[in-house]
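Protein sequences appear in the order of chains A and B.
Mind the numbering: the first sequence is residues 1 to 404 in this note's numbering, read in order.
Mind the numbering: the second sequence is residues 1001 to 1230 in this note's numbering, read in order.
Glycine residues also receive a C-beta, built at the ideal position from the N, C-alpha and C atoms.
Bear in mind that the values here come from a model prediction, so they are computed numbers and not experimental data.
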Amino acid sequence: MTLHSADVARFSWRALIGYPARTLLMLVAMAIGVGSVVVLTALGEGARGYVTGEFASLGTNLVVVLPGRSETAGVNPGAMFGETPRDLTLDDALALTRSGRVRRVAPLNVGSVSVSYGPRSRDVVMLGSTAEMLPVRHWTMAQGSFLRVSDIDRALPVAVLGQTVRDELFGAERALGEWLRIGDRRFRVIGILESQGRSIGVDTDETIIIPVAAAQQLLNTRSLFRILVEARSREDIEPVRDFVEATIAERHQGEKDVTVVTQDAVLSTFDDILGALTLAVGGIAAISLAVAGILIMNVMLVAVSERTAEIGLLKAIGATPRQILLLILAEASLLSLLGALLGLAVGQASAFGLRLALPILPAYPPNWVIAVVVAIAMVTGVVFSLLPARNAARLDPVLALSRR
Amino acid sequence: MIELSHIDRHFQVGDQLVKALDDVTLHIGAGEYVSIMGPSGSGKSTLLNLIGLLDRPTAGRYRLEGTDVTALSDVEQARVRNSQIGFVFQMFHLVPRLTAAENVELPLLLAGMAAEERRPRVDAALEALGMADRAHHKPEQLSGGQRQRVAIARATITEPRVLLADEPTGNLDHKSGGDVIAILEGLVDAGITLIMVTHDPAMGGRARRQLKMMDGRLASDETGGPDDTA
Ligand SMILES: Nc1ncnc2c1ncn2[C@@H]1O[C@H](COP(=O)(O)OP(=O)(O)OP(=O)(O)O)[C@@H](O)[C@H]1O
Ligand SMILES: [Mg+2]
């Protein structure tokens, strides 16, 4: 007396379409649960992908040196509470080039300045750096050239413009070779940066880049905002970090007064946080699956009691308790599967909509989430139907048949 | 083929013991046509359910074709119901969402018969009862008499030895009730053992053997002929 699986499937299917309101209700409940897990994890993954992408765009194998000994330093390192840390200087930056594991070193000063060309003038972010900055940050040039390689302390009067700055100062006119003013100094435009798209911290379109020595003169400071050190490879990042800490400490009379941040560390922290967030959000959404499960149990209990006479009849014509159990569980599984598939479709469609609305967010649900959520939906459906199915299997056929 | 010896079926309702069946001893041979009559609550349905293995006696022994079926497990009893016993109910008990053909097919499906093998048998059964053109109708699209014919087709599709009918005409008008009785009697002529509970003395009187029940006991057991019903 083994049922054919095709018969079981067909019988379950007929039961589902035989009670469309009930079936629709459970499908919707299941679909909401599954769909929200899918779309929320897609959102979380998207955020993670976005942040990691942003960090990757900052440069590869970067070790960043900040003045001041604080994990959160960087906003205004000169005004750290209590102690005033020793300045990071151009000489410090030079010293950091003396390791085989270091490929490039780019010192950085940042300031807000007013730039003018003829009658037009504009406040922009000024970056002071060296020729190394271009490859370190993976920038590309639209026109002309970047800062040339020269002595680090030579304040050459040359400037590289971002797209927006160029447009606003020069409009349709030719900018290359022209002289503009920053404060009371004149700089010749030698290059235009290609638009880099947005990147954490700086929008290169809104900046002007000049030699670091010139920037220090304009800002009237001898201390650097950052030193960007590029290690030769991923494996070199940790040795370079040690090298940087040791070198700076040696130069600062043994004081460890700088913070060295590796991009990997920041990245993996963000990765961890956002990964945990995705799990948490997905987990909360998964609770709605449990709710769907309880709904399934209730609806199946009602279904069994509504169909008491039918179950009694099945027993009268020779269905064993196990066959009854199988039929009810098959019905619940089919329902869960359809609900899960519907939920996947809804979730994927929402994720797609999300990607259309926020193109910067790569909102794709992870494959393992899809597998897990379908599995959870099926297990929930079956587990919560065990009780109704057992009730059905144990039904006394005489009583079941005599009920009207 | 049906041997009931000293069968009791008691129900405990609160602190009261209801003796639905009280020391019933009954033998029914193969191919017999038996009617069971008696007042309401006298235990007719209980007896029929017991014979049909839907219920177990409180005491006593039941042998079907020589085997003690009270000792069988649930699964074994289900198998016996499937292959050797057919039920026809007053309420028809068709599955409402399935077509006539699908309802008739159910016992074969539960027995694990392959779909290709089932189809010709179902078609033949419906054809024999004049229901071939209604094979794909749902029960709600059928008249009471037609529904009962589908139910009879379902009850006989596994070619059981015994057919049990509990007031099969109770929900039918006189005309379709007569049709159903004619069909059942045709099955008797073909060799089936028919046991039918009825309230209608005219119908009960048609049976060759007539049992009367009273308060859970067999009050009379008469063998007459269909001739005495005019
Ligand atoms: N599950 C049960 N629990 C308690 N008492 C029951 C149960 N089933 C039947 N009875 C009792 O057993 C007695 C016989 O019932 P049964 O249904 O066999 O009567 P019946 O002869 O078929 O009556 P009717 O002609 O009204 O169908 C009745 O008194 C009934 O109340
Ligand atoms: Mg009765």
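Where residue i falls, given that 16 or more other Cβ within 10 Å makes a residue buried
i: P1168/B; result: buried
i: T262/A; result: buried
i: P116/A; result: In the sequence as displayed, the identity of residue 116/A is Ser instead of Pro. Burial call: exposed.
i: N220/A; result: exposed
i: L1050/B; result: buried
i: H1027/B; result: exposed
i: M1214/B; result: exposed
i: V1104/B; result: buried
i: P1057/B; result: buried
CA-to-CA distance, residue j to residue i, given in whole angstroms
i: S99/A; j: F243/A; result: 8 Å
i: G120/A; j: A131/A; result: Per the sequence shown, the amino acid found at residue 120/A is Arg instead of Gly. Going by the C-alpha atoms only, they are around 28 Å apart.
i: V118/A; j: F170/A; result: For the sequence presented, residue 118/A should be read as Gly rather than Val. So the two alpha carbons sit approximately 9 Å from each other.
i: L180/A; j: E173/A; result: 13 Å
i: H1010/B; j: L1017/B; result: 7 Å
i: I360/A; j: E54/A; result: 10 Å
i: L1106/B; j: E1222/B; result: 36 Å
i: E230/A; j: S288/A; result: 47 Å
i: D271/A; j: A265/A; result: 10 Å
i: G82/A; j: A249/A; result: Annotation note: pLDDT 44 at G82/A (below 50); position unreliable, coordinate value reported separately. Each residue's Cα considered, the two are about 20 Å apart.
i: R1217/B; j: A1128/B; result: 38 Å
i: V1034/B; j: R1161/B; result: 14 Å
i: D87/A; j: P157/A; result: 25 Å
i: G74/A; j: L228/A; result: Because G74/A carries a pLDDT of 44, less than 50, the predicted location of this residue cannot be relied on, and the following value inherits that uncertainty. The alpha-carbon atoms of G74/A and L228/A are separated by roughly 13 Å.
i: F384/A; j: I237/A; result: 52 Å
Assigned secondary structure, residue i (DSSP; H/G/I helix, E/B strand, else coil)
i: A349/A; result: helix
i: I328/A; result: helix
i: T2/A; result: coil
i: M300/A; result: helix
i: G78/A; result: Note that G78/A scores a pLDDT of 44, beneath 50, so its modelled location is shaky and nothing firm can be said.
i: H1093/B; result: coil
i: M378/A; result: helix
i: I210/A; result: strand
i: P67/A; result: strand
i: V149/A; result: coil
i: V225/A; result: It should be noted that the sequence gives Phe, not Val, for residue 225/A. If DSSP states are grouped into helix, strand and coil, F225/A belongs with coil.
i: Q1210/B; result: strand
i: F391/A; result: Before going further, note that residue 391/A is Asn rather than Phe in the sequence given. It is helical.
i: Y19/A; result: coil
i: E1003/B; result: strand
i: P365/A; result: coil
i: G111/A; result: strand
i: H1010/B; result: strand
i: A73/A; result: Confidence at A73/A is low in this model, with a pLDDT of 41, below 50, so the placement of that residue is unreliable and no value is reported for it.
i: R234/A; result: helix
i: D1215/B; result: coil
i: W179/A; result: strand
i: H1174/B; result: helix
i: K1138/B; result: coil
i: M1113/B; result: coil
i: K256/A; result: coil
Closer than 7 Å: residue i CB and nearest ligand 1 heavy atom
i: A1020/B; result: yes
i: T1046/B; result: yes
i: V1034/B; result: no
i: F1087/B; result: no
i: F1011/B; result: yes
i: G1043/B; result: yes
i: S1040/B; result: yes
i: L43/A; result: no
i: L399/A; result: yes
Contact test: residue i Cβ vs ligand 2 heavy atom, cutoff 7 Å
i: V1024/B; result: no
i: D1166/B; result: yes
i: V1197/B; result: yes
Between the segment 1034–1045 of chain B and the segment 1076–1083 of chain B, do three or more beta carbon pairs fall short of 8 Å? Between the segment 1034–1045 of chain B and the segment 1076–1083 of chain B, the count of Cβ pairs shorter than 8 Å is below three; the stretches do not touch.
Examine the Cβ distances between the segment 1106–1124 of chain B and the segment 1180–1195 of chain B and report whether three or more of them are shorter than 8 Å. Segments in contact, no.
Flag this pair as touching only if the segment 305–324 of chain A and the segment 333–351 of chain A have three or more C-beta atom pairs under 8 Å; answer yes or no. Fewer than three beta-carbon pairs drawn from the segment 305–324 of chain A and the segment 333–351 of chain A are found closer than 8 Å, and the two stretches are therefore not classed as touching.
Okay, do the segment 1081–1091 of chain B and the segment 285–299 of chain A touch, 3+ Cβ pairs below 8 Å being the bar? Three or more Cβ pairs closer than 8 Å define a contact, and the segment 1081–1091 of chain B falls short of that threshold against the segment 285–299 of chain A.
Cβ contact (3+ pairs, closer than 8 Å) linking the segment 33–49 of chain A and the segment 274–284 of chain A: Contact holds: three or more Cβ-Cβ distances are below 8 Å.
Does the contact criterion of 3 or more C-beta pairs under 8 Å hold for the segment 147–164 of chain A versus the segment 202–218 of chain A? Enough Cβ pairs lie closer than 8 Å, so yes.
Validate contact between the segment 316–332 of chain A and the segment 384–394 of chain A using beta carbons, cut 8 Å, 3 pairs: Judged by pairs of C-beta atoms under 8 Å, the segment 316–332 of chain A touches the segment 384–394 of chain A, as three or more such pairs exist.
Assess, as a yes-or-no matter, whether the segment 365–376 of chain A is touched by the segment 55–66 of chain A under the definition of 3 or more beta carbon pairs within less than 8 Å. Output reads no: the segment 365–376 of chain A does not touch the segment 55–66 of chain A.
Is the segment 107–115 of chain A touching the segment 33–41 of chain A in the sense that three or more CB pairs, one from each, lie closer than 8 Å? Under the three-pair Cβ rule at 8 Å, the segment 33–41 of chain A does not count as touching the segment 107–115 of chain A.
At least three beta-carbon pairs within less than 8 Å, the segment 89–106 of chain A to the segment 184–191 of chain A: At 8 Å Cβ cutoff, the stretches do not touch.
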